[in-house]
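In my numbering, the protein residues as written are 38 to 408.
This is the structure:
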């Protein structure tokens, strides 16, 4: 039995079915996909949060193939990111047609947000990063920010270059992110294969990409999915208590957040049970803005010197017929998670005007927030 119907639970259920093991997947929500779900708001099909992946995310792309949904995403031909700056022309990070690790050097050499000296230091730092072993446990005792600072990466360089990738990938600020995980991300995506960092985006709402195909595929393979089913406990038999009824299972896979797993599992099944409360979570906030006209001439863009981190054009995917629908994605969003929508509007609408000249004369037709 698999408890939890997010991407981890879906992956586990399908892998077991492919191995000939019959599976029952239990999910408390009325959909599969976990946080990667969609809902309808007026004329819009809205994703709870913007999701992207890199070409090097092989396990995720393998899942899409198993779901027969890999044709519903699009990957860049070449890593190419517009970087917005208040009061300045947009910069660009685009890989060259060179072998790794030379493929990003031309883009870094021309990266306008950094001074020439910072660009040179960043190149040397990237070489040092490539020599780290992400599996070395010592790396988890230091933050990426501390390591970068020790190698001459000033605060601005850490934010305007390294933070673009580390914060989005790990959902943590550079100065808080563990060096081991940061090294893994940078080595695999930026310093690995030349095409590893090419960015992929969904062409359909996330429910059509994950939840719906997963329901169909598990059923086709003979599995069972129970939605809106509350798991109350897991016993050592093992049995899973679902909606008050114990259900026998040969084995149980817990694919739920750590706090839910700690609550549901028997104490003897928890390694270091006193340390589980020390685990934390990092929030993500999305500010959705619908304009009366087109204001962003790119499928997505990053931003520096602004609370805006990444902004995505959601117009086509959402079904919007007039204007443009943008989603501002905010990772490591502790400062924003409890802020009322009115305050987020007062902060981010002016920021988008600073970053996007075309937004200065555009009207905001609608703004809402998902958390």
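Note that CB positions come from ideal geometry on N, CA and C, so glycine has one too.
Limits of the unbroken alpha helix (DSSP H) element including residue i
| i | result |
| --- | --- |
| residue 384 | 378 to 392 |
| residue 354 | 352 to 355 |
| residue 156 | 153 to 167 |
| residue 143 | 142 to 146 |
C-beta atoms of residue i and residue j nearer than 9 Å
| i | j | result |
| --- | --- | --- |
| residue 163 | residue 211 | no |
| residue 307 | residue 88 | no |
| residue 70 | residue 292 | no |
| residue 121 | residue 236 | no |
| residue 366 | residue 348 | yes |
| residue 150 | residue 226 | no |
| residue 224 | residue 65 | no |
| residue 277 | residue 289 | yes |
| residue 339 | residue 118 | yes |
| residue 86 | residue 321 | yes |
| residue 51 | residue 104 | yes |
For residue i, the three-state DSSP class (helix, strand or coil)
| i | result |
| --- | --- |
| residue 97 | helix |
| residue 108 | helix |
| residue 374 | coil |
| residue 258 | coil |
| residue 137 | coil |
| residue 179 | coil |
| residue 452 | With the chain covering 38 to 408 only, the question about residue 452 has no answer from this structure. |
| residue 269 | strand |
| residue 204 | helix |
| residue 250 | helix |
| residue 395 | helix |
| residue 48 | helix |
| residue 307 | coil |
| residue 300 | helix |
| residue 215 | strand |
| residue 61 | strand |
| residue 78 | strand |
| residue 102 | helix |
| residue 263 | strand |
| residue 69 | coil |
Extent of the continuous beta strand (DSSP E) run through residue i
| i | result |
| --- | --- |
| residue 325 | 322 to 328 |
| residue 403 | 401 to 407 |
| residue 283 | 282 to 285 |
| residue 84 | 81 to 84 |
Residues that residue i bridges to, as DSSP identifies them
| i | result |
| --- | --- |
| residue 237 | 90, 112 |
| residue 290 | 39 |
| residue 221 | According to DSSP, residue 221 bridges with nothing at all. |
| residue 117 | 131 |
| residue 347 | 339, 366 |
| residue 277 | 271, 284 |
| residue 125 | 122 |
| residue 361 | 328 |
Integer-rounded CB distance, given that residue j should sit under 8 Å from residue i
| i | j | result |
| --- | --- | --- |
| residue 81 | residue 260 | Actually they do not touch by this definition, with Cβ atoms about 32 Å apart. |
| residue 110 | residue 238 | 7 Å |
| residue 363 | residue 351 | 7 Å |
| residue 216 | residue 176 | 4 Å |
| residue 167 | residue 138 | 7 Å |
| residue 360 | residue 329 | 5 Å |
| residue 47 | residue 251 | 4 Å |
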